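Once you know that position 889 of the sequence shown is 1326 in our numbering, the rest is easy, because the numbers rise by one and skip nothing.
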Amino acid sequence: MKAKAVKDEVLDFHSLTRIRGLEWLELRKKCRDLKLEGIVDRHRVRSAVFNFTRFIIFMEMLLASHIIMAVVMIKDLELITLLPEMILMVIMPLFLMLSLRDNETYYIIHFICSWVTGLLLSLMDIVVVICQKPRFPVVPCYDHLVLLSVYTMLPIAYQGYNSVYLGAAVSMIYITYVAWSVDTRESSVAALIAYASYLFFINLVLVFFVCAREYRFLRVILTRYQMVFQNLALKAVMKKEKDLLESILPRTMVRTLQEDVKSRLQDDDDFPRRSSFTRKLFIEPFPEVSILVADMVNYTYLTTTLEVSDLVEILHELFVNYDLAAKKNRSLRIKFLGDAYNCVAGIPVFFPNHANSCVDQALEMISITKDLSHRRHLSINLRIGVHSGELLAGIIGRIRWQFDIWSKDVDITNRLEGSGRPGMVHVSARTLRLLDDQYLFEEGTEQARQDPILKKAQVHTYLISGRVSDHDFEFSDPEEEVVSSSSVTSYRFSLGDIYDDIETKTMREMVHEVEKLPVGRDDLCNCTDRSDAIEKLTERFMFNGQVHFLIPVFRSWKREKRFHNQPDYLITYSMTLMFLAGLVIFLMGIVDGTSTERLPVFFGLLVALFLLCLVAVYKKLWLQTQRNPASEYPTAFFSLCLFKLSQLAEYAWYFRSALVIQGVILLYFLATLRVYSCDIAQLEVDIIVTNLVNENPISTCFMPWSVTYGVTIILFLLLIIDGFPFFLTLIVSAILVASHFCTIHTFYGLAFERSESTVEGLRSDYAHTWYLLTFFVIYALLGRHMAYIKKSCFFMRLRYEEKMKETTYRTHSIKIIMANMLPSHVAEVFKERQRHDELYYENFDKVAVMFATIEQGVEDVMGLRALHEFICFFDDLLATYQNKYKIEKIKVMGWTYMVACGLEVDHSADPPLHIPELSELSSESRRRSTVSFRLGSIESGNASSEHTQSKWDHDEDDMAVVVMADFALGLLRVMRKIEDALKGNLKIGIAHGSVMAGVVGLSKPYYDIWGHTVNMASRMTTTGVLNEIHVTLGTAFVLRRFNIRCNYRGMTFVKGLGEVPTFLVGLNEDLEFQPNHNPDPNHSDDMLFEKLSLRFAPSFVGTYSPSSGVGLDEGMEELDEELGEELDGVESKETERLTGGSISCEGEC
């Protein structure tokens, strides 16, 4: 799994606001790219079945209400006129039963059921009138509800644009009926035109409703896909984090370290400004364990003779097999130390046969090593010590955490290893007593009997060579995790779940997830007891507990507010339809015969409506005109203002709601203005006259049904505006309906009474009321359902955002943990290559390596607290050296701190990690650096010196040495700064040259460096001087070229090399670098250093041989003896100057 797979979103929904095309087509294309068409179709089928069920319930209630209304309100009712409603009430449940069949023919069945239902509803509305041929025209009663059902609740509504054909067919039936029912008078023709315009616009609005629903459908699918995708990615990341954490500490401490990581990630933006950071010490005591320390014999030969690839491969194979053996023997690997391997049995959970497990582990390691040595024709063996006792285990430091153990028993184990015999397990008497009689043993070595620490602890030792029997006894435990194979490859790919194709998994999961997507609220389920723990686990019940039952409003107003703050990317189309609605209402008013005196008012209302529409749609229009926009925003002031207002309409619910309410008011004025401007007295006279002559009711001011149709159009518009809150929709709709009812029954009742009715025998004003009331009820129920779906999807998106946030956090956490295990550049490469089971190794020509040992350390709890504080101070200082010449922390070995500089080619490319701000101590130490070059120059790679002449050619690669010396100086300043609180001294050794580096281990990767340079730096520390910086000849030469004085210390014995010249970096009493003398033009100092380098070109490092130093004159004589007659008088002079001169140097020594 690539890193970007965790971070990338399937679709950035915010990008929809910048596209030039239609939003739902963009989402459809994305679903097609992700091959989600089948999932979308399945969701449509589920929605169709649910909504058809809801439709049948609504229609049964409506038809029953219609029958009751007819019986109550119509005098001399003929029951045969109710026969169509009764027939429909019987046969419609049959259609529902057919639609519930889930097989290959569901598409055809849904199609047929929809057409039959739609046509039957239309015919029900008009067949009685056609058969009876009433004296006065009867207008349709449920045309608006039939069309609403066709586009929203019938199964065909979820079959793309098939609903458009059915809607057109239903509309043609109604228009044909109205054309048949009216006479040939001009007013009747106008009524027909107005009615046709009304139905056409309803179809147009509902077609957009289908598109908007498609947009919501696809967005729901993509959101759920993203959530599933991120959930799987999160699991993979969490598994990787778990594996990484367990590579540095036992499982019992994982939670503690994770809390520490969380504390590092809190308030990420404010993190660098924190003035302090709590130094947490994670230490646990373990009173009864067995400790194993193994050291590789002939390791020196390997590191100096093998190629880096061969060395890393050998170490990798050994350590991975050691880890497999440790897993089988229930031993926890603690760390690698170059050629050393430490593990412990009995942590984190105690078990009684820990000694057997540790000895079995030792014997298996010896067998593994011998097998590899035989196969590769190498001379490799192990010297192993095992001891049982107590220890303290935990992690120290602030960065590059390392799990380690400390105690006197750990020291005893180290002594057992050092005094052991290759190929055998050197154990203490205490460990032997814990073993059974299945091991072959003999007395320990003479070296162990003479060891002062073992003698002081009264430890008697034994050598174990193997088991008594040939077969191995494996001490099992019910909780033991068994490794199926010791093969490195098979174990490597046991972690393969992390790298499975997440997209394939997501598609498999989506097949099940689509069944959980919300299609509506199950009211019966919602009324059950929510205390049921099982029901709480389902997404439906989890969401239903968040909203009120009657009106789907979140119980939390904060969440409700957040829901309304969502952008409405479709407001452009909604406001466009609002303007078109104004035109349709205006057209209906024109055919009504609206007086020309009122036309300016109508035009003014239309202009105001157009301006509202322009505010909402301007952004979309501007994007359409910009083929290749040079900027994201218009440059003209007026255009920019409109663009910003258009954006505000998308993103600000209050501004959007204000636009909608103003538009609704303007539309209502357009629909009713001709009513309120009508001369009531003249209207009543006209109505009385037509009544006396027994003619069709006419109106010279307005057509009552056109006004009712206009109000219905406004209600349809409110239904399709996604970004308008549902509770506001209900309030505004209720106000509109109530206002129209007042108009019908209070102010202009006579006009509405004499208009056409919807049912023969029903009063016309009641017909208007029933027409709007039934629509308002169905409209409210449908709006409630839509609000439920929207808020359910929003709740799902909240969960998705939480998953995203958690995934982001986990990814960052992984990065921090990985950075605290491996150098950043190695971590990135390792994560990429890990999938392919490749080894990582590299060679570097010029790397500066430093060891710093804290003297006078005591390994008890208080001593570890002091060690932790020391290491944290060192880490604080180290964090300031993270620029181009970055210093990497390699490891902490007991009380020794190891770092290296120059392990990366392009250090500036390192991604920054958020780490705690450094203490004032380290910052001050950095500022006080007295290296005679500017630190800014280091970062740019150009070293400059006040005292160095331009003809001195500084090698940029040597800057790593200077940076390391500056860091070492900072450590000494840290020690001086804290000497009142923490007592201790430093011995620092630095060497530079070529090193080999690599990662060994797979389940528990470990980065280390090897080579002559590392060994020399280690010896510079062990043979160093307290509170001084001890360097090799080559390092001294580099530092001198950068105007840092290095005083000749003397000849230091290095095992395998003999006596080699070493130097102490010149420091004054204020811990500042002493400047070097100005070089002589003849460069004789270079000649001298070159001869020293040729004479003392060490090939490897020796053992510990401390030197107390020699006198300056004496050192000069010793150096002259080594060089013999090769140096003439001039060179002797230069040597005298380079090594400090004579005793009369007046303090410069």
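Glycine included, every Cβ here is placed at the ideal spot set by N, Cα and C. Nothing here was measured: the structure is a model prediction, and the numbers come from that model.
C-alpha distance - residue i paired with residue j, whole-angstrom precision
i       : j       : result
VAL862  : THR1333 : 27 Å
ALA1473 : VAL1502 : 8 Å
ASP808  : VAL1491 : 32 Å
HIS1001 : CYS1179 : 32 Å
TYR778  : ALA1316 : 29 Å
ASN1484 : ILE1425 : 15 Å
GLU1416 : ILE1308 : 14 Å
GLU883  : GLY1331 : 27 Å
TRP1447 : PHE756  : 15 Å
LEU729  : CYS780  : 5 Å
ILE784  : PRO1162 : 59 Å
GLU1612 : MET1335 : The requested residue 1612 does not occur in the structure, where the chain is confined to residues 438 to 1586.
TYR1113 : LEU655  : 45 Å
PHE1075 : LEU1167 : 36 Å
GLY1487 : PHE1500 : 7 Å
VAL626  : HIS480  : 45 Å
THR868  : ASP1312 : 38 Å
GLN1146 : VAL615  : The sequence given here has Tyr at residue 1146, not Gln. Whole-angstrom Cα-Cα distance: 15 Å.
GLU1496 : VAL745  : 28 Å
8 Å Cβ cutoff met for residue i and residue j
i       : j       : result
VAL619  : LEU603  : no
PHE1149 : HIS503  : Reading the sequence as shown, one finds Thr at residue 1149 and not Phe. It is not a contact, given that the beta carbons lie outside the stated cut-off.
ASP562  : PRO577  : yes
MET506  : TRP1207 : yes
PRO1037 : TYR1225 : no
THR1056 : GLN1099 : Checking the displayed sequence, the identity of residue 1056 turns out to be Lys instead of Thr. Cβ distance not < 8 Å, so LYS1056 and GLN1099 don't count as in contact.
GLU460  : TYR652  : yes
LEU500  : TYR662  : no
LEU877  : SER902  : yes
LEU1173 : LEU1156 : no
ALA1428 : MET1453 : yes
SER1431 : PHE1310 : no
Local Cβ density within 10 Å of residue i, reported as buried at 16 or more and exposed below that
i       : result
ASN735  : exposed
GLN887  : exposed
ALA782  : buried
HIS897  : exposed
GLU950  : buried
ILE476  : buried
LYS1283 : buried
HIS1344 : Only weak support is given to the placement of HIS1344: the predicted model assigns it a pLDDT of 39, under 50, and the question is left unresolved by the model.
LYS676  : exposed
HIS811  : exposed
ARG1364 : A caution first: ARG1364 carries a pLDDT of 40, below 50, which makes its placement in the model unreliable, though a value can still be read off. When all chains shown are included, ARG1364 counts as exposed.
Heavy atom of the ligand COA within 7 Å of residue i beta-carbon
i       : result
CYS1050 : Among the components modelled here there is no ligand, and therefore nothing to report on the ligand COA.
Backbone secondary structure at residue i - three-state DSSP
i       : result
VAL956  : coil
LYS1283 : strand
LYS998  : helix
ALA830  : strand
PHE1016 : helix
ILE1327 : strand
ILE836  : coil
PRO1498 : strand
ASN1320 : coil
ARG1486 : strand
CYS648  : helix
TRP843  : strand
task: Write down every uninterrupted run of the alpha helix (DSSP H) in the stretch 1387 to 1463 whose length is 4 residues or greater and which is fully enclosed by it, in chain order.
output: You should have 1396 to 1414 and 1449 to 1459.
Minimum length 4: unbroken alpha helix (DSSP H) runs contained in the stretch 722 to 796: You should have 736 to 742 and 745 to 765.
Completely contained alpha helix (DSSP H) runs for the stretch 463 to 523, where each covers 4 or more residues: The stretch 463 to 523 contains these whole alpha helix (DSSP H) runs: 474 to 510.
task: For the stretch 861 to 914, list the alpha helix (DSSP H) runs that are entirely contained and at least 4 residues long, ordered along the chain.
output: Restricting attention to alpha helix (DSSP H) runs no shorter than 4 residues, the stretch 861 to 914 encloses them at 866 to 871, 883 to 887 and 889 to 893, ordered along the chain.
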